[in-house]
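Taking it in order: structure first as structure tokens, then the write-up.
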Ligand SMILES: Cc1ncc(COP(=O)(O)O)c(C=O)c1O
Ligand SMILES: Cc1ncc(COP(=O)(O)O)c(C=O)c1O
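Protein chains in written order, with our numbering: chain A, 7 to 361; chain B, 7 to 361.
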């Protein structure tokens, strides 16, 4: 176990009830912090009270965006244990993102240890109502103060924790999605497969326009031909066409979602035909015209599964499954959240208990 | 004039000599800060001691990169006056970048006022040796603490100042440039024409690889066909081919440089043929083969003009003007820096005196 200095808060906070939780607005009492200095490596791992940090105005992250993050979840069981969903998958992706951003490699075991220690301390902050969870946000920012585009010589790593409400408090709501034909999120040779602020900055204007037009999300197309499907704002996308599950292949410009991976593993174990390949928006519209587009859904850590009720592309709109949650999306959601909440046996070893 | 609260440092710092200045590492005693809150607008303009700011770990800028910046310069004249180079050009671009990032519009007059007041206070920090200047960095970060991709409801605007050394202390050094064929900086429908951290985050890996291969800079090609020339890391690029000045048109994926604009105005006023259009890397190599590629140079606020001595593309290398600074690049550099340092009459009204 890594030697971590712990500096506890004087008075611990109180976990609000489910309804007051929301998403990503409330934080637990403590956070994990670690520094990197060139020549010294990652050092000074510590758990300290959550709160303000001293930042220099010239920090490279503010100016040149050298930063990465992750987003995973922990759950409370009925008998008060805490389980994390696939932590190594997320931490390994964290390190892959670091590479894209020229951020020094981290020791996954060390971060994993730190996470376990932090979660042990913050156990009471993991909510236990159905659908709730503790959202875990590791992130790294370049904190060297320097106005010049360069790879920084110093970084700070954080793990912060936020108890989150049930995503679907009133049941699944199929979302209406705009297929974006003006803005582009990422391109081959860019940072699309990294979890880094740049990709989300890219999405803001499109998201705002889509909201204003009454859509709930944006579906991105490829940067070059503007016809191949990429992913949704913070979800991968999957299609059920004629009994087959089809999803865009990991082509370098989309994020390799852990939920996507989980869904594909599950579908394969259930004996479904699963295909990861290039798929164009025309193909989806044609499948719909032929009556073969059975379901469309997103996959992501926050919502797990998000059924898509409508797709609108250049003014043409298709309605999927009568704008109702598909049976298959429901089945996936029930299975994955069932394992997460410890109601279904963890056959695939997704869960790790915090001991 | 905007009412700005001023909180001065107890003891002012001392401007280091030229050699110790470097670029973007030393900051003046004070900075300008202003806040934005939804429903309230931009408020609380103030000048305070430069230094650490209280930042929340969940600030949107750290996670989703909602931020913009500018970079301009002020100069000291022989008779101790301070002149800013084209401040409105930079401040208007600042506002255009804000729009791309869904950051609330700023009142350019107010920021201009603030800049003048800050420069008046920091007058003694403007260096006066030949080639030195005071680099001005306005920037805005989304400071709302929220883990969810959205347009923030609160922002902070800063103006920080950094005295900088002469860029070419030992004369012009033509740079050797790698034409990048793997990585992509920006694409149409993306944020390429905004001055925002995302674009620089995109450039880090390519920059590192180019440095490792012995190049000084990267020249970006377009994202779609990977053949049309875009720009260099922090400069626009211009070609002198057969007496004509050719530079990529502002196509939405490159930054509209103020130095580029200045150079083009100047070239036109001198009666040269100036063309802003798509130009492919093949065309440049062909012009070189025909002996018509007279000069290549970059334009940007930091270096003003940067002659290019070599271009290397997929292993093929061309040497431009015998790897010597071209006559025309020198002429442009001398003229622009002459006006900036008040040695050449300011015919075009580029300079604004701080009164
Ligand atoms: C751009 C993007 N795509 C896909 C996903 C889904 O990935 P995961 O299932 O790992 O949460 C996310 C969220 O993490 C995302 O931000
Ligand atoms: C990407 C990029 N292109 C071009 C430039 C040159 O622009 P300017 O002449 O306004 O400094 C800069 C620097 O500001 C830049 O960062």
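Glycine included, C-beta positions come from ideal geometry on N, C-alpha and C. None of these values were measured; they are calculated from a predicted model.
Item, Value
"Could you give the distance in angstroms between the alpha-carbon of residue 117(A) and the alpha-carbon of residue 145(A)?", "11 angstroms"
"Using the Cα positions of residue 67(B) and residue 159(A), report the straight-line distance between them to the nearest angstrom.", "20 angstroms"
"Which residue wins for smallest C-alpha separation from residue 288(B), given the options 70(B), 264(B), 324(B) and 223(B)?", "324(B)"
"Name the DSSP bridge partner or partners of residue 167(A)?", "142(A)"
"Check each candidate in 142(A), 239(A), 155(A) and 60(A) and name the one with the smallest Cα separation from residue 182(A).", "239(A)"
"Relative to the C-alpha of residue 189(A), which residue among 13(A), 350(A), 212(A) and 56(A) is closest?", "212(A)"
"Would you say residue 328(A) touches ligand 1, meaning its beta carbon is less than 6 angstroms from a heavy atom?", "no"
"Just to confirm my understanding: we take residue 82(A), look at its own chain, exclude 5 residues before and 5 after, and list those with CB closer than 7 angstroms. What are they?", "88, 132, 133 and 134"
"Sorted by chain position, which residues of the same chain lie with C-beta nearer than 8 angstroms to residue 63(A)'s C-beta, five sequence neighbours on each side aside?", "151"
"Residue 267(A) to residue 331(B), Cα distance in whole Å?", "54 angstroms"
"What would DSSP say about residue 154(B), mapped onto helix, strand or coil?", "coil"
"Using the C-alpha atoms, what's the distance from residue 166(A) back to residue 69(B)?", "12 angstroms"
"Over the uninterrupted alpha helix (DSSP H) stretch that includes residue 336(B), give me the two end residues.", "333-346"
"Which residues, in order along the segment 115-147 of chain B, keep a beta-carbon less than 9 angstroms from a beta-carbon of chain A?", "141, 143, 145 and 147"
"Helix or strand or just coil, what does DSSP make of residue 212(A)?", "helix"
"Below 8 angstroms, can you find three or more Cβ-Cβ pairs linking the segment 240-254 of chain B to the segment 281-298 of chain B?", "yes"
"Examine ligand 1 and report whether any of its heavy atoms sits within less than 6 angstroms of the Cβ of residue 264(A).", "yes"
"Residues of chain B with CB under 9 angstroms from residue 55(A), in chain order?", "Simply none; closest approach about 11 angstroms."
"Report yes if the C-beta distance between residue 107(B) and residue 202(B) is below 7 angstroms; otherwise report no.", "yes"
"I need the DSSP call for residue 299(A), collapsed to helix, strand or coil.", "strand"
"Can you tell me whether DSSP reads residue 226(B) as helix, strand or coil?", "strand"
"Would you verify that the beta carbon of residue 189(B) is, or is not, closer than 7 angstroms to some beta carbon of chain A?", "yes"
"Looking at chain A, which residues of the segment 71-83 of chain B have a Cβ within less than 9 angstroms of any of its Cβ atoms?", "71, 72, 73, 75 and 77"
"Do residue 168(B) and residue 30(B) have their C-beta atoms within less than 7 angstroms of each other?", "yes"
"For a contact meaning CB atoms closer than 9 angstroms, what does residue 244(A) contact in chain B?", "Those do not exist, as residue 244(A) stays about 20 angstroms from chain B at its closest Cβ, beyond 9 angstroms."
"For a test of your reading of the model: does the CB of residue 34(A) fall under 6 angstroms from any non-hydrogen atom of ligand 2? Yes or no.", "no"
"Of all the CB atoms in chain B, is at least one closer than 7 angstroms to the CB of residue 175(A)?", "no"
"Verify the CB distance criterion: does residue 91(A) have a CB-CB separation below 7 angstroms to chain B?", "no"
"Residue 148(B) by DSSP, collapsed to three states: which one?", "strand"
"I need the straight-line Cα distance from residue 6(B) to residue 333(B), nearest angstrom please.", "Only positions 7 to 361 of chain B appear in this structure, which leaves residue 6(B) out of reach."
"Inspect the beta-carbon positions of residue 262(A) and residue 194(A) and report whether they are closer than 7 angstroms.", "no"
"How about residue 112(A) and residue 98(A): are their beta carbons less than 7 angstroms apart?", "no"
"Just list the residues that DSSP pairs residue 233(B) with in beta bridges.", "Its beta-bridge partners do not exist; DSSP assigns none."
"Look up residue 27(B) in the DSSP assignment and say whether it is helix, strand or coil.", "helix"
"Can you pull the chain A neighbours of residue 31(B), defined as C-beta to C-beta under 9 angstroms?", "64, 151, 152, 153 and 154"
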